[in-house]
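Enquirer: Got a structure here, written out as structure tokens. Questions coming.
2 protein chains.
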Amino acid sequence: MPPARLTGSVGLEASGYSDEVVKWMREHGVRVFSRVRLRLSDGVELRGIVMPRPRVGDREVLVLKLDNGYNVGVHVSRVADVDVLGEYAATLEGKPGATAKVGEGLPRVHFLGTGGTIASRVDYVTGAVYPYFSAEEIYSMIPELEEIAVISAETLFSIFSEDMTPSHWSQLAQHVKKVFETEAPAGIVVAHGTDTMHYSAAALAFAARKLPGPVVFTGAQRSSDRPSSDAAVNVIGATLVAAQAPFAESVIAMHGSPDDRVVLAHRGVRARKMHSSRRDAFMSINSLPLARVDVVSRELKVLLGEYKPRSDEVEVHPRFSDKVALVKFYPGMPGDVLEFYGERGYRGLVLEGTGLGHVRSELIEVVRKLVKDGVVVVMTTQCLWGRVNMNVYRTGVELLEAGVVPAEDMLPETAFAKLSWILGQTEDVEEAKRLFRENLAYETSKRTEYITYPGAMWWEHAIRTPAQG
Amino acid sequence: MPPARLTGSVGLEASGYSDEVVKWMREHGVRVFSRVRLRLSDGVELRGIVMPRPRVGDREVLVLKLDNGYNVGVHVSRVADVDVLGEYAATLEGKPGATAKVGEGLPRVHFLGTGGTIASRVDYVTGAVYPYFSAEEIYSMIPELEEIAVISAETLFSIFSEDMTPSHWSQLAQHVKKVFETEAPAGIVVAHGTDTMHYSAAALAFAARKLPGPVVFTGAQRSSDRPSSDAAVNVIGATLVAAQAPFAESVIAMHGSPDDRVVLAHRGVRARKMHSSRRDAFMSINSLPLARVDVVSRELKVLLGEYKPRSDEVEVHPRFSDKVALVKFYPGMPGDVLEFYGERGYRGLVLEGTGLGHVRSELIEVVRKLVKDGVVVVMTTQCLWGRVNMNVYRTGVELLEAGVVPAEDMLPETAFAKLSWILGQTEDVEEAKRLFRENLAYETSKRTEYITYPGAMWWEHAIRTPAQG
Chain A
314 MPPARLTGSV GLEASGYSDE VVKWMREHGV RVFSRVRLRL SDGVELRGIV MPRPRVGDRE
374 VLVLKLDNGY NVGVHVSRVA DVDVLGEYAA TLEGKPGATA KVGEGLPRVH FLGTGGTIAS
434 RVDYVTGAVY PYFSAEEIYS MIPELEEIAV ISAETLFSIF SEDMTPSHWS QLAQHVKKVF
494 ETEAPAGIVV AHGTDTMHYS AAALAFAARK LPGPVVFTGA QRSSDRPSSD AAVNVIGATL
554 VAAQAPFAES VIAMHGSPDD RVVLAHRGVR ARKMHSSRRD AFMSINSLPL ARVDVVSREL
614 KVLLGEYKPR SDEVEVHPRF SDKVALVKFY PGMPGDVLEF YGERGYRGLV LEGTGLGHVR
674 SELIEVVRKL VKDGVVVVMT TQCLWGRVNM NVYRTGVELL EAGVVPAEDM LPETAFAKLS
734 WILGQTEDVE EAKRLFRENL AYETSKRTEY ITYPGAMWWE HAIRTPAQG
Chain B
314 MPPARLTGSV GLEASGYSDE VVKWMREHGV RVFSRVRLRL SDGVELRGIV MPRPRVGDRE
374 VLVLKLDNGY NVGVHVSRVA DVDVLGEYAA TLEGKPGATA KVGEGLPRVH FLGTGGTIAS
434 RVDYVTGAVY PYFSAEEIYS MIPELEEIAV ISAETLFSIF SEDMTPSHWS QLAQHVKKVF
494 ETEAPAGIVV AHGTDTMHYS AAALAFAARK LPGPVVFTGA QRSSDRPSSD AAVNVIGATL
554 VAAQAPFAES VIAMHGSPDD RVVLAHRGVR ARKMHSSRRD AFMSINSLPL ARVDVVSREL
614 KVLLGEYKPR SDEVEVHPRF SDKVALVKFY PGMPGDVLEF YGERGYRGLV LEGTGLGHVR
674 SELIEVVRKL VKDGVVVVMT TQCLWGRVNM NVYRTGVELL EAGVVPAEDM LPETAFAKLS
734 WILGQTEDVE EAKRLFRENL AYETSKRTEY ITYPGAMWWE HAIRTPAQG
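Here it is, written out as structure tokens:
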């Protein structure tokens with residue numbers, strides 16, 4: 314798998330470097346994205362790509378992206394000698410034939426761009442996101458796709474994923490419906506920032522009751538101008554899932570294994586971003602992933618016994634309420650933190666309690682009042698793994714008596730998406746509670762399998778290569 | 314390792330069962346905690362201990378705790394035949410010699426009871442917690458301790474851990490100081506509910522700057538009347554750490570391995586309860602555990618290269634501010650959720666952002682205003698693993714410019730305890746920010762080791778026995 318390639322280039326003036334550095338670069342024929350070998354005054358030799366200057370930091374310091382993916386800063390005064398080895402951007406710009414072809418007999422996959430690292434270019438210079446979601450650009454980034462699917466693409470949003478809201482979930486769900494109804498692709502790939510991908514993928518799982526094919530969220534933890542980028546592997550994996558999967562669920566297809574061969578398809582309702590930077594950041598919690606894809610052999614293997622199959626119908630209910638909050642309990646949390654939501658007219662509250670589903674005794678009265686006032690209050694656990702069980706301790710029993718709905722082994726983020734969706738569907742509080750207790754998209758299980766928790770000593774038995782990162 | 318034993322018994326009248334069940338029990342000579350063999354009308358045979366009736370559920374249904382630790386409910390009308398095999402409670406009540414002995418040449422370990430499952434008895438009947446923290450009771454529960462340490466014990470609190478507050482952390486820190494100064498034990502074991510144990514252990518790590526020995530938090534995920542209880546293993550492990558460890562840090566000693574041999578000592582500042590019910594619920598995040606103890610061979614192995622050694626001095630700064638909040642960001646979170654804390658006079662805010670440390674753009678102005686008004690705002694990641702890096706994306710850069718302090722690879726819960734402690738030490742906002750950036754108790758690391766994240770496919774390589782749970 315070759316690393317994803319960079320498109321575009323950046324002028325020296327916009328590079329963010331100081332006048333002195335720009336002058337030095339001009340003198341030595343160095344451009345932004347030039348591949349260079351630097352010999353420093355202390356004898357150290359560095360090879361890498363000259364990056365645009367990030368918005369923060371010393372403008373006199375040249376930023377070099379080394380082949381291992383790390384950035385180093387080098388003050389130009391330390392550089393004794395420089396050789397320009399090539400132009401990184403030019404590699405792609407010169408590549409012929411990067412236009413969309415219609416392959417014979419291949420399944421059709423529709424790409425929806427929403428923003429995020431996977432669709433961002435030179436963002437670290439201007440702060441702006443440049444989407445590249447034309448089919449041509451996707452093919453030119455990842456030529457392997459020409460053998461897998463016929464791709465169409467469009468940009469729905471161009472936002473960082475932390476700016477996604479329940480209103481965006483609604484628009485996305487509506488658009489998914491429209492695409493399946495009008496284009497009838499084998500599946501849809503949603504390019505999405507990884508930060509809140511699991512919230513959006515869970516939301517879509519509830520909104521899309523019946524679909525002809527899967528909706529596959531994918532993204533990148535490392536932007537596609539980095540040699541260690543996961544963008545290409547993830548897009549190929551996501552396309553394979555969209556094209557081949559027997560299921561028609563909302564899933565997250567992201568990097569799984571150190572050798573860049575495996576992409577995992579996690580159920581949106583079971584997935585969580587568990588690492589801020591690693592490429593294998595997404596885990597399924599309280600469940601195995603739904604499927605794994607080998608991006609080299611292009612084989613897809615379903616790992617779970619039950620799933621929603623592809624349907625002839627398209628049934629999507631896109632409304633979400635924005636009057637739901639996710640509130641994590643912490644020691645000493647006072648009652649007014651919860652009262653706030655009642656005062657502001659919230660209709661749903663997802664508590665992230667401790668252990669089996671607890672908050673401090675002082676809050677029980679506040680919760681009772683919120684429930685009495687018609688707020689749907691559900692309980693999840695901040696442990697993330699395991700399930701709430703509110704019958705074991707007095708606190709839990711009293712919270713149940715106060716009307717709290719236990720969320721079983723559902724993730725807090727999933728419970729938030731689910732309650733936002735339910736309260737977009739009904740005004741009836743009792744109906745909302747009834748719906749919340751239903752297992753709508755495999756977001757809970759009666760019994761959590763043993764294999765779904767790494768355990769306190771996972772590191773004792775883990776066999777892995779140090780190449781992963 | 315024999316299971317921890319139950320003390321005490323419960324009268325039939327207080328058992329919570331219906332009159333009909335109580336009558337049936339009388340007729341068959343069955344008592345609460347009797348060990349029985351039931352033959353059901355469908356031929357099934359069950360062996361277990363008759364439990365008091367939980368406060369919720371059908372009062373006609375006899376609850377039997379099977380030898381595997383699971384509870385089953387059996388309607389008495391289904392019971393064809395019953396044999397009473399013994400009286401579980403009577404086993405211990407009749408045991409002689411369960412009094413505190415002073416072993417020759419053994420290190421002294423002081424136990425502080427604060428409440429929680431490890432110290433709870435028959436709680437499921439009345440909702441009340443009965444502490445058993447006399448040395449006599451600890452020895453009678455776990456006779457092996459007589460060979461490990463000379464134990465003294467006292468009860469500091471009797472509360473569920475979800476009711477712990479920063480004010481309790483202060484009292485605990487003061488008491489730890491007093492015990493080391495007056496009793497000079499080799500170490501202190503704090504029996505604590507597991508729900509918020511990691512918050513308290515982190516808090517103590519900041520409050521206790523220099524100690525002559527470790528403070529070892531321990532607890533139980535399964536109460537000690539359950540055959541699968543982890544109480545005995547954990548207490549033995551914690552006592553070994555308190556008696557033997559070369560370090561004088563605040564750690565959590567909890568069950569590590571399926572074979573009941575290993576107890577891990579996690580740094581309080583690095584530990585998190587990651588499963589709601591499993592015995593190996595505690596993990597170190599972004600770090601290996603500080604040590605492991607084999608409770609059979611009684612050997613302790615330090616796993617990390619750096620630690621605070623035992624000191625001749627006792628330096629404890631026990632004050633914590635209760636004007637700090639932990640706030641988890643979620644998609645669409647409106648600004649007034651954060652403004653609330655400014656209006657209520659909060660001095661510190663720990664944000665649990667997404668990914669590398671983000672919240673939605675709309676909140677940046679609100680954060681800027683909070684910082685301007687003197688609130689210390691710090692950023693952690695809800696991914697839990699990995700570190701925040703606010704130089705990569707525009708949102709992060711703008712949050713830094715607004716004055717947010719990045720918490721590196723610190724857990725949100727630890728950042729909450731740390732900021733609560735710092736704002737208990739100083740009124741000076743700049744001094745508080747400076748202190749927050751210091752690595753005070755190994756709560757951050759410059760570079761996170763590869764081995765500290767299980768990875769998306771941990772289950773591929775995990776080798777474990779199905780006996781764990």
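Those protein sequence lines, which keep their order, are chains A and B. Position one of the first sequence corresponds to residue 314 (the working numbering), numbered consecutively onward. Position one of the second sequence corresponds to residue 314 (the working numbering), numbered consecutively onward. Cβ atoms here follow ideal geometry from the backbone N, Cα and C, with glycine treated the same way.
What's the call for residue 379 of chain A, buried or exposed, on a 16-neighbour Cβ count within 10 Å?
Expert: exposed
Enquirer: Along the region 564-596 of chain A, what residues have a CB closer than 9 Å to any CB found in chain B?
Expert: Answer set for the region 564-596 of chain A: 567, 568, 569, 570, 571, 575, 577, 579, 585, 586, 587, 588, 589, 590, 591, 592, 593, 594, 595 and 596.
Enquirer: Leaving out the 5 sequence neighbours to the left and right, which residues in its chain are closer than 8 Å to residue 605 of chain A when beta-carbon positions are compared?
Expert: 569, 575, 576, 577, 578, 613, 614 and 616
Enquirer: Take residue 561 of chain B and list the residues in its own chain whose beta-carbon comes closer than 7 Å to its own, dropping the five residues that flank it on each side.
Expert: 524, 525, 526, 527, 621, 622, 623 and 624
Enquirer: Could you check whether the region 538-553 of chain B touches the region 515-523 of chain B, counting it as contact only if at least three pairs of C-beta atoms, one from each stretch, sit closer than 8 Å?
Expert: no
Enquirer: So, with DSSP's three-state summary, where would you put residue 531 of chain A?
Expert: strand
Enquirer: Going by DSSP, what residues sit across from residue 771 of chain A in a beta bridge?
Expert: Its beta-bridge partners do not exist; DSSP assigns none.
Enquirer: Is the beta carbon of residue 686 of chain B closer than 7 Å to that of residue 737 of chain B?
Expert: Cβ atoms of residue 737 of chain B and residue 686 of chain B: not closer than 7 Å.
Enquirer: Could you have a look at residue 454 of chain B and say whether DSSP puts it in helix, strand or coil?
Expert: helix
Enquirer: Would you mind sorting residue 552 of chain B into buried or exposed? The rule is 16 or more other CB atoms within 10 Å of its CB.
Expert: buried
Enquirer: Quick one: is residue 488 of chain A buried, meaning 16 or more other Cβ sit within 10 Å of its Cβ, or exposed?
Expert: Counting the other CB atoms within 10 Å of its CB gives residue 488 of chain A a total of 16 or more, which places it among the buried residues.
Enquirer: For the candidate residues B:714, B:739, B:643 and B:596, whose alpha-carbon lies nearest to that of residue 661 of chain B?
Expert: The shortest C-alpha separation from residue 661 of chain B is found at B:739.
Enquirer: Would you mind working out which of A:697, A:712 and A:695 sits nearest residue 703 of chain A, comparing C-alpha positions?
Expert: A:712
Enquirer: Just by C-beta distance, which residues in the region 648-674 of chain B are closer than 9 Å to chain A?
Expert: 649, 650, 653, 654, 657, 663, 665, 666, 667, 668, 669, 670, 671, 672, 673 and 674
Enquirer: In angstroms with no decimal places, state the Cα-to-Cα distance between residue 746 of chain A and residue 727 of chain A.
Expert: 15 Å
Enquirer: Pull up the distance between the alpha-carbon of residue 611 of chain A and that of residue 503 of chain A, whole angstroms please.
Expert: 20 Å
Enquirer: Among all the DSSP beta bridges, which residues are the ones paired with residue 660 of chain B?
Expert: Per DSSP, none; premise fails for residue 660 of chain B.
Enquirer: Excluding sequence positions up to five away, which residues of its chain have a Cβ less than 7 Å from the Cβ of residue 630 of chain B?
Expert: 520, 522 and 738
Enquirer: From the DSSP output, in three-state form, read off residue 339 of chain B for me.
Expert: DSSP places residue 339 of chain B in helix when its eight states are reduced to three.
Enquirer: Please return the same chain residues whose Cβ sits closer than 7 Å to the Cβ of residue 342 of chain B, not counting the five positions on each side in sequence.
Expert: 397
Enquirer: Taking 6 Å as the limit between beta carbons, can you name the residues of its chain near residue 567 of chain A, skipping five residues before and five after?
Expert: 547 and 595
Enquirer: Work out the CA separation of residue 684 of chain A and residue 691 of chain A for me, nearest whole Å.
Expert: Rounded to whole angstroms, residue 691 of chain A to residue 684 of chain A spans 10 Å at the Cα level.
Enquirer: Give the residues of chain E in contact with residue 684 of chain B, contact being defined as C-beta atoms less than 7 Å apart.
Expert: Among the chains of the structure shown, chain E does not appear; the protein chains present are A and B.
Enquirer: Please specify which runs of the beta strand (DSSP E), each continuous and at least 3 residues long, are wholly inside the region 527-601 of chain B, giving them in chain order.
Expert: 528-531, 563-568, 575-580, 584-586 and 595-597
Enquirer: Below 9 Å between beta carbons is the criterion; list the residues of the region 688-703 of chain A that meet it against any residue of chain B, in chain order.
Expert: 694, 695, 696, 697, 698, 699, 700, 701, 702 and 703
Enquirer: Let me confirm a value: residue 721 of chain A is counted as buried when at least 16 other C-beta atoms fall within 10 Å, else exposed. Which label applies?
Expert: By the neighbour-count rule (16 or more Cβ atoms within 10 Å), residue 721 of chain A is buried.
Enquirer: For residue 692 of chain B, write down the residues that DSSP places opposite it in a beta bridge.
Expert: Note: residue 692 of chain B sits in a beta bridge opposite B:664 and B:719.
Enquirer: Compute the beta-carbon to beta-carbon distance between residue 838 of chain A and residue 494 of chain A, rounded to the nearest angstrom, for a pair I have assumed lies under 8 Å.
Expert: Absent from the model: residue 838 of chain A. The displayed extent of chain A is 314 to 782, so no value can be given.
Enquirer: On the premise that residue 665 of chain A lies in contact with residue 641 of chain A, defined as a C-beta separation below 8 Å, what is that separation, rounded to the nearest angstrom?
Expert: 4 Å
Enquirer: Spell out whether any CB of chain B is found under 7 Å from the CB atom of residue 616 of chain A.
Expert: no
Enquirer: Contact defined as beta carbons within less than 8 Å: I believe residue 764 of chain A pairs with residue 698 of chain B. What is the distance between those atoms, to the nearest angstrom?
Expert: The Cβ separation is near 20 Å, so there is no contact.
Enquirer: Taking only beta-carbon positions, decide if residue 491 of chain B is within less than 7 Å of chain A.
Expert: no
Enquirer: Looking at the unbroken alpha helix (DSSP H) that takes in residue 481 of chain B, where does it start and where does it end?
Expert: Annotation: the continuous alpha helix (DSSP H) that includes residue 481 of chain B extends over 479-495.
Enquirer: In three-state terms, what does DSSP make of residue 764 of chain A?
Expert: helix
Enquirer: Starting from the beta carbon of residue 296 of chain A, find every residue of chain B whose beta carbon is closer than 8 Å, and list them in chain order.
Expert: Given that chain A is displayed from residue 314 to residue 782, the structure contains no residue 296 of chain A and the question cannot be resolved.
Enquirer: Return the Cβ separation of residue 349 of chain A and residue 395 of chain A in integer angstroms, given the expectation that the two are a contact with Cβ distance under 8 Å.
Expert: Their Cβ separation, rounded to whole angstroms, is 6 Å, which keeps residue 349 of chain A and residue 395 of chain A in contact under 8 Å.
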